[in-house]
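One structure below.
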Amino acid sequence: MRTRTDVDEHVPAQDQEGYEFSCPTCGRIYNTCQAEWCDCITDNPTFVCPHCNSCFCGSSVQERKDFWEGAPPTMWRRRLKKGFRTSQCPPSELGNPIRRPLVLVVDDEYDTRIVAFRVLEALGYGVLLAQDGAEAFELAKQYQPDLILTDQMMPKLDGKHLCRLIKETPETSHIRVILMTGLYKKESQRIEILKDFRADDFLTKPIAFHRLGEVLEGWLASALVV
Numbered sequence: 006m007r008t009r010t011d012v013d014e015h016v017p018a019q020d021q022e023g024y025e026f027s028c029p030t031c032g033r034i035y036n037t038c039q040a041e042w043c044d045c046i047t048d049n050p051t052f053v054c055p056h057c058n059s060c061f062c063g064s065s066v067q068e069r070k071d072f073w074e075g076a077p078p079t080m081w082r083r084r085l086k087k088g089f090r091t092s093q094c095p096p097s098e099l100g101n102p103i104r105r106p107l108v109l110v111v112d113d114e115y116d117t118r119i120v121a122f123r124v125l126e127a128l129g130y131g132v133l134l135a136q137d138g139a140e141a142f143e144l145a146k147q148y149q150p151d152l153i154l155t156d157q158m159m160p161k162l163d164g165k166h167l168c169r170l171i172k173e174t175p176e177t178s179h180i181r182v183i184l185m186t187g188l189y190k191k192e193s194q195r196i197e198i199l200k201d202f203r204a205d206d207f208l209t210k211p212i213a214f215h216r217l218g219e220v221l222e223g224w225l226a227s228a229l230v231v
C-alpha cells in the first residue's frame, strides 16, 4: 500500500510530498520519506519501518519495482543523494587490511562494496575490497584473509570459480569462502554450489546486518582476537 501525503508545511515546497507504505512485516503504515535506509548488503537497499525495525528487502523484485515506480520526486531525490554520499566518502582503495579477523569482499558493484565495507567495519572486522574474482585471487594470496565474501555474478572470474581456485591453490586452500547471490533460490542449487565448487557457505541477497553478523561470527570464532 502506497499513498502520497503532505509532510510538513515548513518543508520547502519541492520536499513536501510524503510516501506512505504498509510494512510487509507488521502491516502498519509509515512515511518512507522520513524513514531510515536499511543496512542490508544489497544493490538496492530499502527503508526501515519505525514500528518493527524491519525493511522490505525480502519483498519480490516486482514489489520493489512497483514501490519505486510509484515514488514521488522526494523519494528519488533521497535515492540520488544516498548514491552521492556513498561516492563522496569511499574507503581507501584496499579497505582496511590491517585489522583481524580480515574479510575480503568481492563484488563488481561499487555501492555494494562500500555498504559491505561499512557494515563489516561496524562489526569489528578488517576489510579488503576487490571488484572481480581475478583481483580477489591476487589479494587473497598477498594478504591471506580469514574469510572471503564474494558475489556470484562478476566479470573475468565469477564467485563460484573463484571459490574453486581458492580451494585448489595450496597457499589459499585454508581460507573460508562464502558466496552471495540473489540468483539461486532452490535448495538443490545451493547444495550444488557448496559441493561442486567447495564453498563453505552460501548467503542469499539481500543480506540483513544481523544475519551477516551471525554467519561471520560462526565461521570466524577461532580467528577473533581476545
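First residue of the sequence shown? That's 6 in my numbering, and the numbers climb one at a time after it.
Ideal Cβ placement from N, Cα and C applies to all residues, glycine included.
Check, Outcome
"Going by CA-CA distance only, name the one from Pro-77, Phe-61, Ile-46 that's closest to Arg-33.", "Phe-61"
"Checking 7 angstroms against the spacing of the C-beta atoms, do Pro-160 and Gly-131 come in under that value?", "no"
"What residue does the alpha helix (DSSP H) around Leu-144 start on, and which one ends it?", "138 to 148"
"Could you pull out every residue in the same chain whose Cβ sits closer than 7 angstroms to the Cβ of Val-230, ignoring the five residues on either side in sequence?", "At Val-230, the pLDDT of 47 sits below 50, so the modelled position is not reliable; the number obtained from the coordinates is stated separately. Answer for Val-230: Arg-105, listed in chain order."
"Report the rounded CA-to-CA distance for Glu-126 versus Val-111, giving the unit in angstroms.", "15 angstroms"
"From the DSSP output, read off the bridge partner residues of Met-80.", "Its beta-bridge partners do not exist; DSSP assigns none."
"Hey, how far is the Cα of Leu-184 from the Cα of Ile-196?", "12 angstroms"
"Mapping the DSSP letters down to three states, classify Asp-151 as helix, strand or coil.", "coil"
"Assign Val-66 to buried or exposed, taking buried as 16 or more other Cβ atoms, counted over all protein chains shown, within 10 Å of its Cβ.", "exposed"
"If we count the other Cβ atoms within 10 Å of its Cβ and call it buried at 16 or more, is Cys-57 buried or exposed?", "exposed"
"Using a 10 Å radius around the Cβ and a threshold of 16 neighbouring Cβ atoms, would you call Thr-2 buried or exposed?", "Residue coverage of the chain in this structure runs from 6 to 231, which leaves residue 2 outside it and unanswerable."
"Measuring only the C-alpha atoms, how far is Ala-18 from Trp-81?", "For Ala-18, the pLDDT reaches just 40, beneath the cut-off of 50, and the residue's location in the model is therefore unreliable, although a value from the coordinates is still provided. Using only the alpha carbons, I get a separation of about 15 angstroms."
"Could you say which of Val-120, Gln-136, Phe-52 lies nearest to Gln-157 if we only look at CA atoms?", "Gln-136"
"Give a yes or no on whether the C-beta atoms belonging to Leu-99 and Leu-133 are separated by under 7 angstroms.", "yes"
"Can you tell me where the beta strand (DSSP E) with Tyr-35 in it begins and where it stops?", "34 to 36"
"Apply the 10 Å Cβ neighbour rule to Gly-75 and answer buried if 16 or more other Cβ atoms are within range, or exposed otherwise.", "exposed"
"Quick check on DSSP: helix, strand or coil for Asp-201?", "helix"
"How is Ser-178 classed by DSSP in three states: helix, strand or coil?", "coil"
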